[in-house]
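Remarks on the structure that follows.
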Amino acid sequence: MVVSFISCKSGIDKKENNKQPNIIVIYADDLGFGDVSAYGSTALKTPNIDRIADEGIKFMNGYAASPTCSPSRYALLSGNYPFKKKNARVLPGNAPLILDTSKQTLPSMLRDAGYTTGVVGKWHLGLGDENMDWNGEIKPGPLEIGFDESYIMASTNDRVPSVYVKGHRIDGLDPKDPIEVSYKENFEGEPTGKENPELLKLHPSHGHDMSIHNGISRIGFMRGGKSALFTDENMGDDFLRESKAFIDRNKEKPFFLFYSLHQPHVPRVPHPRFVGKTNLGPRGDVITEADWDVGQLLDYLDELKLTENTIIIFSSDNGPVLDDGYKTDAVEKNGNHTPAGKLRGGKYSLFDGGTHVPFMLMWKGTIEPGISNALVSQMDLPASFASFTGQNNTTEDGENVINALLGKSDQGRQSLILGRTNGISIRHGDWILIPPHKGPKSTGKFTNIETGRDTIYQLYNVKEDIGQQHNVALKYPEMVKKIMEEMNKIKAG
Ligand code: NG6
Ligand code: CA
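Position one of the sequence shown corresponds to residue 108 (the working numbering), numbered consecutively onward.
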């Protein structure tokens, strides 16, 4: 790995022009460290995502907070550790909002700094409260935690309701055909993937055998709301269109956009334009689609002459998985591709592949391109951008690593706890320590990922042993002790 650079012309000098740079966070869903060609993938080409890495800073030690989606998103927006929050776990589609509306978030802080804030795409952080009515006003949600505008998928693409929510309302809902949602039982007369496989164009491999929409059975039950249901094939285009529209509406003033892609999460249903674009089947094809979406967004910024006044961050919410619930031959068609690169484990895992993800930042014309080894977490974005915009930071666990993010320093954090309520590990310098955990060592025959759980302490030096093949806990008991103390200190803090 290269430690290089770097001279940054200026951080906030741009403010002298009274024009703070726009900020866009592009967030992929289940994209692995090895799925991006900038990080070494050869089976998959991602020329557009690579543009951000090549023209910006490519972080070699960038982390999501957790190996699953909702806890990582919670950390990115709240700046708080998800392991401290009981309900920061993979949420059903009818879960209430898990973010605290009274606390500072990345968008609320940027709004205070004068930004217009928007979110487009996957949400998966819950919506509403116990009394929420899908056919009425859906709140609290993004607008209550600091976003001025929102166009989101209600939950995630494999969980009902299969609709988009625009502001406080389901987009396109016909009041004469209200939608009903349940995670307990089916609605009378409604087919399911389990009972009516003949209605499916995409079959589940495990789970995902409840309500059917667009020939795909999902998790959870729903009925009605037909005019509002999304079309999986168009989802990439829908989110791109809404993102571009947000930028267009707000191009005259500083804006923050959280562009939350749904790819390559299951069900993987690319637009026909991308079917067969790779040899890896739908998983590869939807990554190609996501890369195209990113390219379109970058081109649009160029067209509007906004590129040099926009900071673009690209990352992923957790590591990769092949068969996550549908029969798309992801395993069979994977060939020699290594979605987590040289890292061990993937989505759901305490090994590094669960949380160590692509992470890059571009600010063209201000930051010189480079490669950084600084340890940075998505959870650090609120504290870092609070510093950048001159706001007070009241988030609890994120650190101000703005100098690392802008390439002015190769120093990021010293320590970072990774994981969620049911399991954590810690990265400390070049070390990763996984304390003993009860439970199976594999996620099971379908997802087939090493969980990282073991009855003994595991200590790895990931600088020398990036693939976590050599547990050196017995060799360095003092290091185990020291890092455990550090972990306990952070947990108590
Ligand atoms: C799992 C789902 C998986 C995916 C995951 C959450 C089954 C069998 N598996 O429970 O398909 O939805 O939850 O993924 O239902 S995440 O990226 O949103 O965290
Ligand atoms: Ca995810």
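Backbone N, C-alpha and C define an ideal beta-carbon position, used for all residues, glycine too. These numbers were taken from a predicted model, which means no experiment stands behind them.
1) Considering only the alpha carbon of each residue, which of Ala-511, Asp-392, Pro-371, Phe-353 lies closest to Phe-381?
2) Let me know the secondary structure DSSP gives Lys-193 once reduced to three states.
3) Express the C-alpha separation of Glu-585 and Asp-265 in angstroms, rounding to a whole number.
4) Looking at C-alpha atoms only, which residue of Asn-529, Asp-504, Arg-527, Thr-528 is the closest neighbour of Arg-520?
5) Which residue marks the beginning of the beta strand (DSSP E) containing Thr-496, and which one marks its end?
6) Please list, in chain order, all residues with a C-beta atom less than 5 Å from at least one heavy atom of ligand 2.
7) Kindly identify the DSSP beta-bridge partner or partners of Thr-558.
8) How is Leu-408 classed by DSSP in three states: helix, strand or coil?
9) Okay, do the region 327–337 and the region 306–313 touch, 3+ Cβ pairs below 8 Å being the bar?
10) For ligand 1, any of its heavy atoms closer than 7 Å to the Cβ of Ile-164?
11) If you compare alpha carbons, which of Lys-165, Asn-155, Phe-190 is closest to Ala-602?
12) Can you name the residues that DSSP bridges to Lys-165?
13) Closest by CA to His-577, which one among Thr-550, Ile-541, Glu-162, Ala-599?
14) Take Gly-559 as the anchor and find which of Asn-529, Asp-398, Ala-261, Asp-142 has the nearest alpha-carbon.
15) Considering only the beta carbon of each residue, do Arg-180 and Leu-405 sit closer than 8 Å?
16) Considering only their Cβ atoms, is the gap separating Ala-150 from Asn-443 smaller than 8 Å?
17) Say the cut is 7 Å; is the CB of Asp-265 nearer than that to a heavy atom of ligand 1?
18) Could you check which residue in Lys-454, Leu-250, Gly-296, Lys-598 has the C-alpha nearest to that of Arg-276?
19) Rounding to the nearest angstrom, what Cα-Cα distance links Ile-113 and Thr-414 in this structure?
20) Alpha carbons only, please: which of Gly-322, Gly-574, Phe-353, Asn-568 is nearest the one belonging to Leu-306?
21) Within a Cβ cutoff of 7 Å, which residues of the same chain sit near Leu-493, ignoring the five residues on either side of it in sequence?
22) In terms of DSSP beta bridges, what is Phe-140 paired with?
23) Excluding five sequence neighbours on each side, which residues of the same chain lie with their C-beta closer than 8 Å to the C-beta of Ile-205?
24) Quick one: measure Cβ to Cβ for Ile-133 and Phe-362, integer angstroms, because I've assumed they're closer than 8 Å.
25) Return the residue from the list Lys-471, Asn-242, Gly-279, Val-267 that minimises the CA-CA distance to Tyr-258.
26) Near Ser-269, what residues of its chain come up, given a Cβ to Cβ distance below 6 Å and the 5 sequence neighbours on each side ignored?
27) Does at least one heavy atom of ligand 1 sit under 7 Å from the Cβ of Val-382?
28) Does the distance from the CB of Gly-460 to the CB of Phe-140 come in under 8 Å?
29) Tell me whether Gly-460 sits in a helix, a strand or coil according to DSSP, three-state version.
30) Going by CA-CA distance only, name the one from Ile-597, Pro-389, Ala-490 that's closest to Arg-534.
31) For Leu-387, count neighbouring C-beta atoms within 10 Å of its own C-beta (all shown protein chains included) and say buried if the count is 16 or more, exposed if not.
In terms of the structure at hand:
1) Asp-392
2) coil
3) 45 Å
4) Asp-504
5) Where Thr-496 is concerned, there is no enclosing beta strand (DSSP E), although the alpha helix (DSSP H) it sits in stretches over 488–496.
6) Asp-136, Asp-137, Cys-176, Asp-424, Asn-425
7) BP columns for Thr-558 are empty, so no partner.
8) helix
9) no
10) no
11) A query on residue 602 cannot be resolved here, the shown segment of the chain reaching from 108 to 600 and no further.
12) Met-467, Ile-478
13) Ile-541
14) Asn-529
15) no
16) yes
17) yes
18) Leu-250
19) Confidence at Ile-113 is low in this model, with a pLDDT of 42, below 50, so the placement of that residue should be treated as unreliable; the coordinate-derived value is given next. Whole-angstrom Cα-Cα distance: 20 Å.
20) Gly-322
21) The sequence given here has Ala at residue 493, not Leu. Taken in chain order, the residues that qualify are Met-216, Asn-499, Asn-500.
22) For Phe-140, which the question treats as bridged, DSSP gives no partner whatsoever.
23) Ser-177, Tyr-181, Lys-192, Asn-194, Ala-195, Leu-198, Leu-232, Gly-233
24) The pair is not a contact, with the Cβ atoms about 14 Å apart (cut-off 8 Å).
25) Gly-279
26) His-320, Leu-336, Phe-337
27) no
28) yes
29) helix
30) Ile-597
31) buried
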